[in-house]
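Input: a single structure, listed below in structure tokens.
Number of protein chains: 2
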Amino acid sequence: MSSTWELQAQKARDILDDSIPKQWLLPAHQLPSPEEKNVEDFARKSGLLSEKELAITDLSATALVREMGAGRLKAEDVVVAFLKRSVLGHQLLNFATEFLADRAIARAKELDDYFERTGKLVGPLHGVPISVKEHIGIKGLTCNAGYVAWVNDIAEEDALLLQCLEKAGAVFHVRTNQPQSLMHLCCSNNLTGTTLNPYNRTLSPGGSSGGEGASTGFKCAPLGVGTDIGGSIRAPAAFCGSYGFRPTALRNPMTGAKAPEPGQEAIRGVIGPLASQSVEDLDLFQRAVIDQEPWDIETSLAPVPWKRVSPKKDITIGIMWDDGCVRPHPPVTRALKHTKAKLQAAGIKVVDWEPYKHDHGWDIISAMYFPDGTASQRTLITQTNEPTLPLTAWSFAYSSPTPLTIHESWSLNVQRDTYRDEYHALMKSRGVDFILCPAYVGVAAVLYESHYWNYTAIWNILDLPAAVFPSGLRVEKELDGLGGDGGFVPRSETEETEWKKYTGPERYEGAPVAVQLVGKHFRDEETLAAAGLVNDEGEGEGVQHE
Amino acid sequence: MSSTWELQAQKARDILDDSIPKQWLLPAHQLPSPEEKNVEDFARKSGLLSEKELAITDLSATALVREMGAGRLKAEDVVVAFLKRSVLGHQLLNFATEFLADRAIARAKELDDYFERTGKLVGPLHGVPISVKEHIGIKGLTCNAGYVAWVNDIAEEDALLLQCLEKAGAVFHVRTNQPQSLMHLCCSNNLTGTTLNPYNRTLSPGGSSGGEGASTGFKCAPLGVGTDIGGSIRAPAAFCGSYGFRPTALRNPMTGAKAPEPGQEAIRGVIGPLASQSVEDLDLFQRAVIDQEPWDIETSLAPVPWKRVSPKKDITIGIMWDDGCVRPHPPVTRALKHTKAKLQAAGIKVVDWEPYKHDHGWDIISAMYFPDGTASQRTLITQTNEPTLPLTAWSFAYSSPTPLTIHESWSLNVQRDTYRDEYHALMKSRGVDFILCPAYVGVAAVLYESHYWNYTAIWNILDLPAAVFPSGLRVEKELDGLGGDGGFVPRSETEETEWKKYTGPERYEGAPVAVQLVGKHFRDEETLAAAGLVNDEGEGEGVQHE
Chain B
1 MSSTWELQAQ
11 KARDILDDSI
21 PKQWLLPAHQ
31 LPSPEEKNVE
41 DFARKSGLLS
51 EKELAITDLS
61 ATALVREMGA
71 GRLKAEDVVV
81 AFLKRSVLGH
91 QLLNFATEFL
101 ADRAIARAKE
111 LDDYFERTGK
121 LVGPLHGVPI
131 SVKEHIGIKG
141 LTCNAGYVAW
151 VNDIAEEDAL
161 LLQCLEKAGA
171 VFHVRTNQPQ
181 SLMHLCCSNN
191 LTGTTLNPYN
201 RTLSPGGSSG
211 GEGASTGFKC
221 APLGVGTDIG
231 GSIRAPAAFC
241 GSYGFRPTAL
251 RNPMTGAKAP
261 EPGQEAIRGV
271 IGPLASQSVE
281 DLDLFQRAVI
291 DQEPWDIETS
301 LAPVPWKRVS
311 PKKDITIGIM
321 WDDGCVRPHP
331 PVTRALKHTK
341 AKLQAAGIKV
351 VDWEPYKHDH
361 GWDIISAMYF
371 PDGTASQRTL
381 ITQTNEPTLP
391 LTAWSFAYSS
401 PTPLTIHESW
411 SLNVQRDTYR
421 DEYHALMKSR
431 GVDFILCPAY
441 VGVAAVLYES
451 HYWNYTAIWN
461 ILDLPAAVFP
471 SGLRVEKELD
481 GLGGDGGFVP
491 RSETEETEWK
501 KYTGPERYEG
511 APVAVQLVGK
521 HFRDEETLAA
531 AGLVNDEGEG
541 EGVQHE
Chain F
1 MSSTWELQAQ
11 KARDILDDSI
21 PKQWLLPAHQ
31 LPSPEEKNVE
41 DFARKSGLLS
51 EKELAITDLS
61 ATALVREMGA
71 GRLKAEDVVV
81 AFLKRSVLGH
91 QLLNFATEFL
101 ADRAIARAKE
111 LDDYFERTGK
121 LVGPLHGVPI
131 SVKEHIGIKG
141 LTCNAGYVAW
151 VNDIAEEDAL
161 LLQCLEKAGA
171 VFHVRTNQPQ
181 SLMHLCCSNN
191 LTGTTLNPYN
201 RTLSPGGSSG
211 GEGASTGFKC
221 APLGVGTDIG
231 GSIRAPAAFC
241 GSYGFRPTAL
251 RNPMTGAKAP
261 EPGQEAIRGV
271 IGPLASQSVE
281 DLDLFQRAVI
291 DQEPWDIETS
301 LAPVPWKRVS
311 PKKDITIGIM
321 WDDGCVRPHP
331 PVTRALKHTK
341 AKLQAAGIKV
351 VDWEPYKHDH
361 GWDIISAMYF
371 PDGTASQRTL
381 ITQTNEPTLP
391 LTAWSFAYSS
401 PTPLTIHESW
411 SLNVQRDTYR
421 DEYHALMKSR
431 GVDFILCPAY
441 VGVAAVLYES
451 HYWNYTAIWN
461 ILDLPAAVFP
471 SGLRVEKELD
481 GLGGDGGFVP
491 RSETEETEWK
501 KYTGPERYEG
511 APVAVQLVGK
521 HFRDEETLAA
531 AGLVNDEGEG
541 EGVQHE
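Chain order of the listed sequences is B and F. According to UniProt numbering, the stretch in the first sequence is residues 1 to 546, in order. According to UniProt numbering, the stretch in the second sequence is residues 1 to 546, in order.
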């Protein structure tokens, strides 16, 4: 029996292997040894990319479009540069599930022809290579969503969001990895294996959009598309030194994103961007999609146009140092202090944010993740008898053993709405516009150790827009020791588990430290503007962003 | 045992009786005999209201505010006029559950004081008396939602929508009746009995906002507040010659409207206005509420401002003559033809609208009404052993005998969204901006005969904004005979049942004939503007609106 699932899984690996542009593969002996943890500089070291190609892959989407619009870059050169970097990144990090080289290059040529003919760009994302998480369907290609059982499923249409991006000029060049079940903040499955973190290959790239974390973290794409129901965009962005945004639900179209619980809407997954270079690119992505009024096709979306807002300094940011449940690791706290100092120096009002019932929020959302007692997921796994991976089992354990009754699910909906209204009222009464907080309990998780989600999931249950971006800091041996915190007494078993993972900075060597900025419901534009401001204020003093 | 529920129910009647302003009660012998069906003119005939009071109750909310703003009317005089008319209406139609005379008059005096002091109105609804369906909570007052079991339940807060209306200047003067379970298009319960139709007291005022139908139909209030999950605003407006509007869901705040299934959100009930005089007043109501940005309190609402739009003649209206399931009665078809001719004469483009799978739409919505197999409702009924009324039992029969499984409920959600997207795409591909259609299979239902809901419920499952307004026609003996239709062969048992109810115009004598105009999702403002246009085009040729 076990050979059955393995044969099925092999199909996914065959698709991947067949799709790799072989001409750009580096011979195994030229690759860094597996013991080399940090590979962030290997694109330059490898010699695979020319200086021009390295320069291209250092550009943001915004800059790329500007250069193409000025006729200084061609879309074909751009996509080839990012494809080469993707092939290399895949050899180092195992982040891809399928390369789309031929069609991407053909598409780029079309765009170049169009520009040559008309002198115009086709749209705001003209020629921008974008990597796409595998479970977001592309017409005619398989879509397995991390399940062996779905390895033969072919998407009938491009996901609506991809249609919007493509109309705006985007070029999809690589599809990326995700964990079995899509329900953890790591990136491992029985199909194409485990994705690694470019800053430290003993660390996870995060999940579930872990392939996107690695893709944007290694600059295989200036923009990527992920999904997020508990942190699945933001954890990868945070772990990999990228930028990530979880929009308010019902803004970006979800049609064509495959998952085991279609019709589950108590807690909505969202689709959104990761970016390798800037908050500005997150806004560019959102603007390109929402300007197309996707609600005129996917009618359940809220018909709320994407506003143009400028960053304002006249705001109040509340800093949440701790969620009241699980204390962040020392480098995270240091990054918050660092950011606070920068904000204060820039004249931005900063206050402390006392968390409000985050344990209650977690109780609600964790009960909402598997309302059918994981039957949908287990059925898929049982179909092929693929092994249930440890973090899959761990997330399934949140589920009640039996399906929720209709009344239990209604009660959760009421609790959810009440909690949302209360939290929003609290932000108003405290005069806080944005909350700055950890993106995760630590800087990243060691592979297979992503357990505590609630620094991100809390904003899913509250349905607040949340951006993650680098603080500019890295884990530092000298600064991030346990020091006086060695005797910290945890408040719970969960906190103890998480705290014990931080034995010291060595375990997380090389990792960038992210922060998260959270705005009010549907204030997505203001949240990105403020995130850009916070991010910019962190610059200019020798702080590095990649 | 049976005495228990009767004792409980008596409390609701005591509340009502104690609240009636006795000074305005007409002695029984001055009331029309029960055999007198049509009482629409009785306000004048009764002698209870002065000429000035009669003139006041003939004004729209818009006109009333204008007059108060010009200092030509006082809020106190206005509310007293409507209170007197309400007391009379109640004696004729049994539409009230509680009068709020003292507080309404006190509030009106405050408004008059404010105006006298400042020369300003407090808001766009300054001094407008508004009747409110009973299950929309008012702080400190009982809220039974049509169930004897809830006769002692006291609302802790005003419903959020009422708070908005009150801030805008509204005066609540009477609470109104609803059916047991809130789930039928008639208006009868075991608490305060059955409400009648002012145009023909053998007819139903519609439901479930039947008290509001009678209130606005008899001009006891220029505006009323109802709720609608299958036609509960629109059927009463249609049956009673009033105006009614079902907004898109998630526009008006629902907090504080009491019903047995809190947290059920697969099919959302909405709260919205009825008006005695004009479409313009429906827009006034919506504007007054949404201008207050209720989404800043009830965060699940869509943050979509209320646009100011002008009626455009450059539109295409598709006329749906029949929903493909149940043929409308002859006067309804005549009203559509009449309206079509008016629109064409006014140069507005009119085409036929072929319905799209309305039976499928009904299958979805009827399965969504009672996802717990009516357990919530039956538990309430069993608590007191109040009798289950025939139309309650009839609507409960839509329910599956057992609760839906989680997977069944998800499947319905997917079907719903697919159907919505398909229907919207069809309107676009056919170039149709609005659909003009019957508001009900007939002009009204005979008491206890409201069975077929799908001329209204279809727009609930599609979540489209829909306005109901008088066609200007009435049932006519000469014009509405069965004629050549006597031999019509029904397509189904349901159609046969509905068709057989129309034995001829005599059965519906005196009833006004309404039509319904439906717009696209979230195009509430455009829908009301177009409804105003259609309604206006119907005027000017001797057509009467009341």
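The beta-carbon is built from N, C-alpha and C at its ideal position, and this holds for glycine as well.
Next item on the list: Take methionine 183 of chain F and list the residues in its own chain whose beta-carbon comes closer than 6 Å to its own, dropping the five residues that flank it on each side.
Entry: Excluding residues within five positions, the ones whose Cβ falls inside 6 Å are Ser395.
Margin query: Which residue marks the beginning of the alpha helix (DSSP H) containing tyrosine 455 of chain B, and which one marks its end?
Written below: Residue range 454–461 is occupied by the alpha helix (DSSP H) that includes tyrosine 455 of chain B.
Notebook entry, point to check: Alpha carbon to alpha carbon, what distance is there between leucine 343 of chain F and glutamate 537 of chain F?
Noted result: Whole-angstrom Cα-Cα distance: 7 Å.
Next item on the list: Count the other CB atoms, across all protein chains shown, that sit within 10 Å of the CB of isoleucine 458 of chain F; report buried if there are 16 or more and exposed otherwise.
Entry: By the Cβ neighbour-count rule, isoleucine 458 of chain F is buried, with 16 or more other Cβ atoms within 10 Å of its own.
Margin query: So with CB distances below 7 Å, who are the chain B contacts of leucine 404 of chain F?
Written below: Against chain B, the beta carbon of leucine 404 of chain F has neighbours under 7 Å at Ile406, listed in chain order.
Next item on the list: Output, in chain order, the set of chain F residues within a Cβ distance shorter than 9 Å of phenylalanine 522 of chain B.
Entry: Chain F residues near phenylalanine 522 of chain B: Trp295, Thr299, Ala302, Pro303.
Check: Along the chain, where does the beta strand (DSSP E) that runs through alanine 466 of chain F open and close?
Finding: Where alanine 466 of chain F is concerned, the enclosing beta strand (DSSP E) stretches over 466–474.
Next item on the list: Compile a chain-ordered list of the residues in the region 422–441 of chain F whose CB is closer than 9 Å to at least one CB of chain B.
Entry: Flagged, chain order: Tyr423, His424, Ala425, Lys428.
Margin query: Check this for me: beta carbons of valine 443 of chain F and tyrosine 369 of chain F, under 7 Å apart or not?
Written below: With respect to the 7 Å criterion, valine 443 of chain F and tyrosine 369 of chain F are not classified as neighbours on the basis of their beta carbons.
Notebook entry, point to check: For the region 12–58 of chain F, which segments carrying the alpha helix (DSSP H) assignment without a break, of at least 4 residues, lie completely within its bounds, in sequence order?
Noted result: Entirely contained in the region 12–58 of chain F, the alpha helix (DSSP H) runs reaching 4 residues are, in chain order, 42–46, 51–57.
Check: Mind pulling the chain F residues with CB within less than 7 Å of valine 414 of chain B?
Finding: Those within 7 Å of valine 414 of chain B in chain F are Pro262, Gly263.
Next item on the list: Please decide whether tryptophan 410 of chain F counts as near chain B, where near means a Cβ-Cβ distance under 7 Å.
Entry: In terms of beta-carbon proximity, tryptophan 410 of chain F lines the interface with chain B, with at least one pair separated by less than 7 Å.
Checklist line | chain F contact residues for proline 371 of chain B, given Cβ-Cβ distances below 8 Å | finding: Chain F residues near proline 371 of chain B: Ile406.
Next item on the list: State the start and end residues of the unbroken alpha helix (DSSP H) segment that holds glutamate 212 of chain F.
Entry: Unbroken alpha helix (DSSP H) run through glutamate 212 of chain F: 210–217.
Check: If the cut is a Cβ gap below 8 Å, which residues of chain F does arginine 420 of chain B touch?
Finding: Going along chain F in sequence order, the residues near arginine 420 of chain B (Cβ under 8 Å) are Thr299, Ser300.
Check: Mind checking histidine 358 of chain B: buried by the 16 CB within 10 Å criterion, or exposed?
Finding: The residue is buried, with at least 16 neighbouring Cβ atoms inside 10 Å.
Note to self: Helix, strand or coil for glutamate 6 of chain B? Go by DSSP, reduced to three states.
What the structure shows: Glutamate 6 of chain B: helix per DSSP, three-state reduction.
Notebook entry, point to check: Do cysteine 164 of chain B and alanine 155 of chain B have their C-beta atoms within less than 7 Å of each other?
Noted result: Cysteine 164 of chain B places its beta carbon 7 Å or farther from that of alanine 155 of chain B.
Margin query: Would the region 265–272 of chain F count as touching the region 214–232 of chain F if we require 3 or more Cβ pairs under 8 Å?
Written below: The region 265–272 of chain F is in contact with the region 214–232 of chain F.
Next item on the list: Take alanine 531 of chain B and list the residues in its own chain whose beta-carbon comes closer than 7 Å to its own, dropping the five residues that flank it on each side.
Entry: So the list reads Val279, Ala467, Phe469, Leu517, once near-sequence residues are dropped.
Next item on the list: Compare the C-beta of leucine 417 of chain F against all C-beta atoms of chain B and say whether one is closer than 7 Å.
Entry: Per the sequence shown, residue 417 of chain F should be read as aspartate rather than leucine. With 7 Å as the cut-off, aspartate 417 of chain F counts as an interface residue toward chain B.
Item checked: Backbone secondary structure at alanine 531 of chain B - three-state DSSP -> Shown here, alanine 531 of chain B sits in a helix according to DSSP, grouped into three states.
Margin query: Closest to valine 350 of chain F by C-alpha separation, out of F/His407, F/Val432, F/Ser492, would be which residue?
Written below: The shortest Cα separation from valine 350 of chain F among F/His407, F/Val432, F/Ser492 belongs to F/Val432.
Notebook entry, point to check: Could you give the distance in angstroms between the alpha-carbon of tryptophan 5 of chain B and the alpha-carbon of isoleucine 406 of chain F?
Noted result: One alpha carbon belongs to tryptophan 5 of chain B, the other to isoleucine 406 of chain F, and they sit about 28 Å apart.
Notebook entry, point to check: Is the region 207–223 of chain F touching the region 177–194 of chain F in the sense that three or more CB pairs, one from each, lie closer than 8 Å?
Noted result: The region 177–194 of chain F, when compared against the region 207–223 of chain F, does touch it at the 8 Å Cβ threshold.
Checklist line | Proximal residues to lysine 109 of chain F (C-beta, below 8 Å), its chain only, five neighbours per side dropped | finding: If we look at lysine 109 of chain F and ignore the five residues flanking it on each side, its Cβ neighbours are Ala75, Glu76.
Notebook entry, point to check: By the 10 Å Cβ neighbour count, where 16 or more other Cβ atoms means buried, how is proline 236 of chain B classified, buried or exposed?
Noted result: The residue in question, proline 236 of chain B, is buried, as its Cβ has 16 or more Cβ neighbours within 10 Å.
Next item on the list: Would you kindly check if the distance between the Cβ of valine 534 of chain F and the Cβ of threonine 511 of chain F is under 7 Å?
Entry: Sequence inspection shows alanine at residue 511 of chain F; the threonine mentioned does not correspond to that position. Cβ distance not < 7 Å, so alanine 511 of chain F and valine 534 of chain F don't count as in contact.
Margin query: Measuring only the C-alpha atoms, how far is alanine 106 of chain B from histidine 90 of chain B?
Written below: For alanine 106 of chain B and histidine 90 of chain B, the distance between alpha carbons rounds to 22 Å.
Next item on the list: Check the Cβ-Cβ distances between proline 355 of chain B and every residue of chain D, and say whether any is below 7 Å.
Entry: The structure shown contains no chain D; the protein chains it does contain are B and F.
Next item on the list: Please determine if the region 471–487 of chain F and the region 325–344 of chain F are in contact, where contact requires at least 3 C-beta pairs separated by less than 8 Å.
Entry: Contact holds: three or more Cβ-Cβ distances are below 8 Å.
Notebook entry, point to check: With a CB to CB cut of under 7 Å and the five nearest residues on each side skipped, what residues in its chain are close to glutamate 53 of chain F?
Noted result: Same-chain partners within the cutoff: Ala81, Lys84.
Checklist line | With 16 other Cβ atoms within 10 Å as the buried cut-off, status of proline 247 of chain F | finding: A residue is called buried once 16 or more other Cβ atoms fall within 10 Å of its Cβ, and proline 247 of chain F is buried on that count.
Notebook entry, point to check: Between leucine 100 of chain F and tyrosine 356 of chain B, what straight-line distance do the alpha-carbon atoms span, to the nearest angstrom?
Noted result: Pairing leucine 100 of chain F with tyrosine 356 of chain B, the inter-Cα distance amounts to about 40 Å.
Item checked: Rounded C-alpha distance that separates serine 131 of chain B from tyrosine 243 of chain B -> C-alpha separation (whole angstroms): 14 Å.
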